[in-house]
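Keeping their order, the protein sequence lines are chains Z and Y. Sequential numbering of the first sequence, starting at 1, is according to the numbering used here. Sequential numbering of the second sequence, starting at 1001, is according to the numbering used here. Heads up, the beta-carbon is just placed ideally off N, CA and C, and yes, glycines get one too. Below: one structure, written as structure tokens.
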Amino acid sequence: MKHRVPALVVMHADLATALLRAAARVYGVVEGVEVLSNEGLSREGLEREIARKVEGWTDGGLVLTDFWGGSCHVCGVAAARGHGDVIVVTGLNLPTLIDYLHNRDELPPRALAERLLQKGKDSIRLHDGQLA
Amino acid sequence: MSWVLERVDDRLVHGQVVLAWGARLHPRRIWVVDDAASPWERDLLKGAAPGIEVKVVTVDEAAAGYAAERDAKGGAFLLLRDLQTALRVVEAGATIRALNLGGLHYAPGKTKVNEYIYLDAADRALARRLRERGVSLEVQDVPSSRPQPLAALDPETATP
């Protein structure tokens, strides 16, 4: 097995935990993914918590957050600074998280992040029109 | 039009500001007052609110530009990370009349006012000094929540 890309899911309220629970219903048992809520944390506090979790990622990893411009994203980027190939992905949804789980043992962090970016875009679609 | 939200929030640019207040008030500019922001922090903040110009300024720059921004076209947000910064901007000459308190989160020594406002004795003294300078302080995290005077939630911010 290649090196597994670690991930930390950082989101508002209980969304990270709920998303992981939902992923387990589709994917099966999920191991090795950490979650963190921004609830009650200042900017410095959240940044410190994220930094503490990613500091052991010697070969890089992914910080998966809910939306661009939110505290999870901003603090994730700040915390990832200086930690090598730690990449922040925003706009995570359930298909993207499941795709991460399927591919985290196959791709290095940068390629995996690029894959998730495309997966996220592709997963939002319109089902237009009526069925016959 | 200009100043449409003047807010004390230790998270500065974040979801409530961009997605909630931003969607309601449609600012053209966000002024972030932060004397200590490094070049990379400035870059990060400037890119955090797509479609809105984010200016990261010092206390002196905020005070110097306050009146001109008030008369500028389009709405603007003023974001201050704490009450100390707010008082410094006022003392430097900005004629702020009201501040929204949107997030001062827990830190050791601070006590709870509500779910998102925690203050210590120094904060309460700063709040009183702001009041003495004619600045009203109102607690409200997002537009859909009910604004409440800080003094009603924490009388020590009005009278020691």
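Contact residues within the region 1005-1023 of chain Y, judged by C-beta distance below 8 Å to chain Z
Those residues of the region 1005-1023 of chain Y that come within reach of chain Z (Cβ to Cβ, closer than 8 Å) are Asp1010, Arg1011, Leu1012, Val1013, His1014, Gly1015, Val1018 and Leu1019.
Cross-chain neighbours of Y/Ala1127 in chain Z, by beta carbon under 7 Å
At a beta-carbon threshold of 7 Å, none of the residues of chain Z lie near Y/Ala1127; the nearest stands roughly 18 Å away.
Could you list which residues in chain Z have their beta carbon closer than 7 Å to that of Y/Ala967, in chain order?
A query on residue 967 of chain Y cannot be resolved here, the shown segment of chain Y reaching from 1001 to 1160 and no further.
When you check each C-beta in the region 1091-1108 of chain Y against every C-beta of chain Z, which residues fall closer than 9 Å?
Those would be Gly1103, Leu1104, His1105, Tyr1106 and Ala1107, in chain order.
What residue range does the alpha helix (DSSP H) around Z/Arg81 cover?
In this chain, Z/Arg81 is not harboured by any alpha helix (DSSP H), its DSSP state being neither H nor E.
In chain A, which residues lie with their C-beta within 9 Å of the C-beta of Y/Trp1031?
The structure shown contains no chain A; its protein chains are Z and Y.
Which of helix, strand or coil does DSSP assign to Y/Ile1117?
Note: Y/Ile1117 maps to strand in three-state DSSP.
Reduced DSSP category for Z/Trp57 - H, G, I as helix; E, B as strand; rest coil
Here DSSP, grouped into helix, strand and coil, assigns Z/Trp57 to coil.
Beta-carbon separation (whole angstroms), Y/Trp1031 vs Y/Ala1076, contact threshold 8 Å
About 6 Å separates the two Cβ atoms, so the contact holds.
Taking only three categories from DSSP, how would you classify Y/Ala1020?
In this structure, Y/Ala1020 counts as helix in the three-state DSSP scheme.
Could you tell me whether the Cβ atoms of Y/Leu1119 and Y/Leu1087 are closer together than 8 Å?
At the C-beta level, Y/Leu1119 and Y/Leu1087 stay beyond 8 Å of one another.
Out of curiosity, what's the CA-to-CA distance linking Y/Ala1049 and Y/Glu1156?
Looking at the two C-alpha atoms, the distance is approximately 36 Å.
8 Å Cβ cut-off: residues of chain Z touching Y/Leu1044
Against chain Z, the beta carbon of Y/Leu1044 has neighbours under 8 Å at Val74, Val77 and Ala78, listed in chain order.
Which residues in the same chain have their Cβ closer than 8 Å to the Cβ of Z/Trp57, if we skip the five residues on either side of it in sequence?
Once the five neighbours on either side are set aside, the close Cβ partners of Z/Trp57 are Pro6, His83, Gly84 and Val86.
May I have a chain-ordered list of the beta strand (DSSP E) segments no shorter than 3 residues that lie completely inside the region 1027-1084 of chain Y?
The beta strand (DSSP E) runs lying completely inside the region 1027-1084 of chain Y and spanning 3 residues or more are 1027-1033, 1053-1057 and 1075-1080, given in chain order.
Taking just the CA atoms, how far does Y/Thr1095 sit from Z/Ile50?
Rounded to the nearest angstrom, the gap between the Cα atoms of Z/Ile50 and Y/Thr1095 is 38 Å.
Residue(s) in a DSSP beta bridge with Y/Gly1093:
DSSP lists no partner for Y/Gly1093.
How about Z/Leu46 and Z/Leu94: are their beta carbons less than 8 Å apart?
Between Z/Leu46 and Z/Leu94, the gap from beta carbon to beta carbon reaches 8 Å or more.
Just tell me which of Y/Asp1060, Y/Ala1151, Y/Lys1073 and Y/Leu1025 has its CA closest to the CA of Y/Leu1101.
Of the candidates Y/Asp1060, Y/Ala1151, Y/Lys1073 and Y/Leu1025, the residue whose Cα lies closest to the Cα of Y/Leu1101 is Y/Ala1151.
Note down, in chain order, all residues in the region 43-55 of chain Z with a beta-carbon under 9 Å from any beta-carbon belonging to chain Y.
If the cut-off is 9 Å between Cβ atoms, the region 43-55 of chain Z has Arg43, Glu44, Gly45 and Leu46 near chain Y.
With a floor of 4 residues, list each alpha helix (DSSP H) that falls wholly inside the region 10-51 of chain Z, ordered by position along the chain.
Qualifying alpha helix (DSSP H) stretches, in chain order: 15-27.
Between the Cα of Z/Val10 and those of Z/Gln118, Z/Thr90, Z/Ile124 and Z/Gly28, spot the shortest distance and give me the residue it belongs to.
Per the Cα distances, Z/Thr90.
Beta-carbon proximity of Y/Leu1078 to Y/Glu1006, cut-off 8 Å:
Taking 8 Å as the cut-off, the beta carbon of Y/Leu1078 is found closer than this to the beta carbon of Y/Glu1006.
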